[in-house]
Amino acid sequence: MSASFSNPSLAEIRALLQQVKTIAVVGLSASPRRPSYGVAWSLQGFGYRIIPVNPSVSEVLGERSWPSLRDLPEAVDLVDVFRESSHVAAIVEDCIALKLPALWLQDGVIDEAAAARAQAAGLIVVMNRCIYRDYLQLIS
5 MSASFSNPSL AEIRALLQQV KTIAVVGLSA SPRRPSYGVA WSLQGFGYRI IPVNPSVSEV
65 LGERSWPSLR DLPEAVDLVD VFRESSHVAA IVEDCIALKL PALWLQDGVI DEAAAARAQA
125 AGLIVVMNRC IYRDYLQLIS
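My numbering puts the last residue of the sequence shown at 144; the count rises by one with no breaks.
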């Protein structure tokens with residue numbers, strides 16, 4: 005990672021995971037075989053409210069799915085992204101416009117310029133880490 009972006013410390017990530025209640029999962033698949041499904045299912049089991057964001061499904065894990073972050077009917081504490089890196093810049097623009105507090109880019113989802121832009125706008129940003137693994141390591 006470049007000098008323009010660095011992840012929060014493990015203590016800061018732990019604090020984020022402890023304060024978050026509602027997580028929008030961008031790119032959440034309805035297929036139990038997909039990593040996004042398994043992670044979101046686990047997050048529900050840890051007590052988080054999951055809101056799917058995927059225009060191609062109507063419901064995932066018992067929650068209505070929304071086409072985009074801008075369509076969400078309520079505020080969320082964290083946006084967890086399971087999309088290709090090429091989609092990150094647009095997701096960051098939505099997060100900034102909606103004044104969302106935190107953005108998590110899963111393993112392999114990397115856009116340093118967009119992540120730095122989100123940080124500069126005041127978001128807590130975690131990039132190229134797995135929220136499930138970090139929860140297991142830092143919380144449970």
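Virtual Cβ for every residue (Gly too), placed ideally from N, Cα, C. Predicted model, so just to flag it, every value in this text is computed and none were measured.
Nearest candidate by alpha-carbon position, reference residue i, set the options
i, options, result
"residue 122", "109, 133 and 39", "109"
"residue 88", "40, 23 and 140", "40"
"residue 141", "10, 22, 9 and 8", "22"
"residue 48", "67, 126, 124 and 100", "67"
"residue 25", "54, 36 and 9", "54"
Where residue i falls: helix, strand or coil (DSSP)
i, result
"residue 105", "coil"
"residue 128", "strand"
"residue 84", "strand"
"residue 79", "coil"
Cutoff 7 Å; reference residue i; Cβ partners in own chain excluding five residues on either side
i, result
"residue 93", "115 and 118"
"residue 14", "142"
Other residues of its chain near residue i: CB distance less than 6 Å, five sequence neighbours each side excluded
i, result
"residue 70", "57 and 76"
"residue 64", "32, 34 and 56"
Bounding residues of the alpha helix (DSSP H) (the contiguous stretch that carries residue i)
i, result
"residue 17", "14-23"
"residue 34", "Where residue 34 is concerned, there is no enclosing alpha helix (DSSP H), given that its DSSP letter is neither H nor E."
"residue 138", "135-142"
"residue 43", "39-49"
Proximal residues to residue i (C-beta, below 8 Å), its chain only, five neighbours per side dropped
i, result
"residue 20", "12, 82, 106, 128 and 130"
"residue 134", "43, 110 and 111"
"residue 113", "85, 86, 87, 88, 89, 92, 131 and 132"
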